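Note that full-length UniProt numbering has the sequence shown beginning at 1, numbered continuously upward.
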Amino acid sequence: MIYPSTTAVTQQQKQEDTKMGGQHQFLEPTTPTAIEAAKKRETSPPSAKEEVITIATGCFWGPDWIVKKQYGGKGLISSKVGYIGGHAANPNYKQVCTGSTGHAEAVRVAFDPSKISYAEILEFFLRTHDATDVGGQGGDRGTQYRSAIFTHNDEQATTAKAVIADIEKAGRFGGKKVATEVVPASEWHEAEGYHQDYLDINPNGYHCPSHRPYW
Numbered sequence: 001m002i003y004p005s006t007t008a009v010t011q012q013q014k015q016e017d018t019k020m021g022g023q024h025q026f027l028e029p030t031t032p033t034a035i036e037a038a039k040k041r042e043t044s045p046p047s048a049k050e051e052v053i054t055i056a057t058g059c060f061w062g063p064d065w066i067v068k069k070q071y072g073g074k075g076l077i078s079s080k081v082g083y084i085g086g087h088a089a090n091p092n093y094k095q096v097c098t099g100s101t102g103h104a105e106a107v108r109v110a111f112d113p114s115k116i117s118y119a120e121i122l123e124f125f126l127r128t129h130d131a132t133d134v135g136g137q138g139g140d141r142g143t144q145y146r147s148a149i150f151t152h153n154d155e156q157a158t159t160a161k162a163v164i165a166d167i168e169k170a171g172r173f174g175g176k177k178v179a180t181e182v183v184p185a186s187e188w189h190e191a192e193g194y195h196q197d198y199l200d201i202n203p204n205g206y207h208c209p210s211h212r213p214y215w
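Written out as structure tokens, the structure is:
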């Protein structure tokens, strides 16, 4: 992603996006771990406590947009984009884009666990980017665009590893190994205001072509 990009959303992406937003068909969970979590959630009492998932899948504009299309009104409380996993204090966008701070562009989603489980939303993020790419996503190269799950507790780490194992066992990426890192969440730095809801405000803005359903 070049700062700031004006590359338009491609026609292919618009076609893919109909699967995830507006007139889209909701993407149901497919991994055994996520399916079981959905069944358990449906029989559990309502929860007054929100949960959080933090994940990096490349340029953060796209995943922020598609997760709201998928789960808006279905358990999503908020979605914010920011920087995580680095060593520099108070990083800004231009610094992160150089790859020198160690941070990844990421999305942090707060959700209602009585309406959507961690495993379900995690599978959604993993299936809507190329989780086998070790060097970035699409034309966005560098560690700032890496695929990573930043876990907030041991249960999330266990679930993340189980979902990845399910995906690999099913050969969802053509038999390729999932390259997504599973690491404890470090300090979160919320991105500048103009990055929040970017593709909602700029519908013709840049959307990495790797952000689409892979199954």
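Ideal Cβ placement from N, Cα and C applies to all residues, glycine included. Note that the structure is predicted; figures quoted are calculated from it, not measured.
Please confirm whether residue i and residue j have their CB atoms less than 8 Å apart.
i: TYR145; j: GLY58; result: yes
i: ALA179; j: SER117; result: no
i: ILE55; j: ILE149; result: yes
i: PHE111; j: TYR71; result: yes
i: TRP65; j: ASP200; result: yes
i: ILE121; j: ILE164; result: no
i: HIS195; j: PHE60; result: yes
i: SER210; j: GLY138; result: yes
i: SER147; j: ALA131; result: yes
i: VAL109; j: VAL81; result: no
i: GLN95; j: ALA104; result: no
i: THR31; j: GLU123; result: yes
Kindly indicate which residue of the options has the alpha-carbon position closest to the one of residue i.
i: THR151; options: ALA119, ILE66, ASP64 and CYS97; result: ALA119
i: ASN90; options: PRO203, LEU199 and ALA191; result: ALA191
i: HIS129; options: LYS115, ILE77, ALA106 and ASN204; result: ALA106
i: SER47; options: GLY75, TYR71 and THR33; result: GLY75
i: ASP133; options: ALA157, GLU123 and LYS176; result: LYS176
i: GLY99; options: SER114, THR143 and PHE60; result: THR143
i: PRO213; options: GLY102, ALA185, GLN196 and PRO63; result: PRO63
i: PRO29; options: ILE167, ARG141, ASN92 and PRO45; result: ILE167
i: PRO45; options: PRO113, LYS69, GLY136 and VAL81; result: PRO113
i: LEU126; options: VAL96, ALA162 and TYR93; result: ALA162
i: GLY73; options: PRO32, HIS189, PHE26 and GLY102; result: PHE26
i: ALA157; options: LYS94, VAL96 and ALA185; result: ALA185
i: ARG141; options: LYS49, CYS97, VAL183 and LYS169; result: CYS97
i: SER79; options: TRP215, GLY205, ASN204 and TYR198; result: TYR198
i: PHE173; options: LYS49, GLY102, LYS69 and TRP215; result: TRP215
Have a look at the DSSP bridge pairing and note the partners of residue i.
i: MET37; result: The sequence as given places Ala at residue 37; Met does not occur at that position. Answer by DSSP bridge pairing: none, since ALA37 is not bridged.
i: GLN137; result: ASP140
i: HIS189; result: TYR83
i: PHE111; result: GLU51 and LEU76
i: ALA170; result: In the DSSP output, where bridge partners are listed per residue, ALA170 has none listed.
i: GLU105; result: TYR83
i: ALA56; result: ALA148
So, helix, strand or coil for residue i, using DSSP?
i: ILE116; result: coil
i: LEU76; result: strand
i: ARG146; result: coil
i: ARG212; result: coil
i: PRO46; result: coil
i: PRO63; result: helix
i: GLU155; result: helix
i: GLU123; result: helix
i: VAL182; result: strand
i: ALA131; result: coil
i: ALA162; result: helix
i: LEU27; result: coil
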